[in-house]
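In numbering that gives the first Met the number 0, the protein residues as written are 0 to 124. Report on one structure; see the data block that follows.
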Amino acid sequence: MVERVVVTPEALALIDELKAQYGELMFHQSGGCCDNSAANCYLPTDLTIGPYDVLLGHVGGVPFYISKSQYEYWKHTQLIIDVIEGSGGTFSLEGNTGKAFHTRSRLFTDEEWAAIEPQVLRDLA
Numbered sequence: 000m001v002e003r004v005v006v007t008p009e010a011l012a013l014i015d016e017l018k019a020q021y022g023e024l025m026f027h028q029s030g031g032c033c034d035n036s037a038a039n040c041y042l043p044t045d046l047t048i049g050p051y052d053v054l055l056g057h058v059g060g061v062p063f064y065i066s067k068s069q070y071e072y073w074k075h076t077q078l079i080i081d082v083i084e085g086s087g088g089t090f091s092l093e094g095n096t097g098k099a100f101h102t103r104s105r106l107f108t109d110e111e112w113a114a115i116e117p118q119v120l121r122d123l124a
């Protein structure tokens, strides 16, 4: 199965560090605003997930959500969650670590798209 969101080893290490510190986590792909288009890491009680959000997959055992409107725009891409040096987002749990989650992307190949398109159509219904 084609993963719609994946994580680099560096991001996985930061996820594990945050899980050890905070316990259960969740991600939501920011749609802009204050934290630009960043993958934000939260405690599950910090953000309400609703009918306008899509579960894109799991990274490091942590659920990763995106808003339906942003998902519609990025549905042809695989999100690659990485880490960069610098200040994290003001809302994201890694903000005080000197690192920040960073979202990269790549277009799905035609073969990958054919495999996931039925799921995408269900997600957007």
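In this text, a Cβ means the ideal position worked out from N, Cα and C, and glycines have one as well.
Check your understanding: If you scan the stretch 26–63 from start to end, which runs of the beta strand (DSSP E) of 3 or more residues do you find wholly inside it?
Key -> 38–41 and 52–58
Review point. Does any residue of chain C bring its CB to less than 8 Å from the CB of D52?
Key: The structure shown has no chain C; it contains just one protein chain.
Check your understanding: If you run the structure through DSSP and keep just helix, strand and coil, what is K18?
Key -> Along the sequence shown, one-based indexing puts residue 18 at 19. In this structure, K18 counts as helix in the three-state DSSP scheme.
Exercise for review: With a threshold of 16 other CB atoms inside 10 Å of the CB of Y70, please say whether the residue is buried or exposed.
Suggested key: For this step, residue 70 is matched to residue 71 along the sequence shown. Buried, since its Cβ has 16 or more Cβ neighbours within 10 Å.
Review point. What residue from L78, S86, Y41 and A124 has the CA that sits closest to H27's CA?
Key: Here residue 27 refers to the residue found at position 28 of the sequence shown. Comparing Cα-Cα distances from H27 to each of L78, S86, Y41 and A124, the minimum goes to Y41.
**Study point:** Classification of R3 by the beta-carbon crowding that lies within 10 angstroms, buried from 16 upward
**Key:** As a working mapping, residue 3 is identified with position 4 in the sequence shown. By the 10 Å Cβ count, R3 comes out buried.
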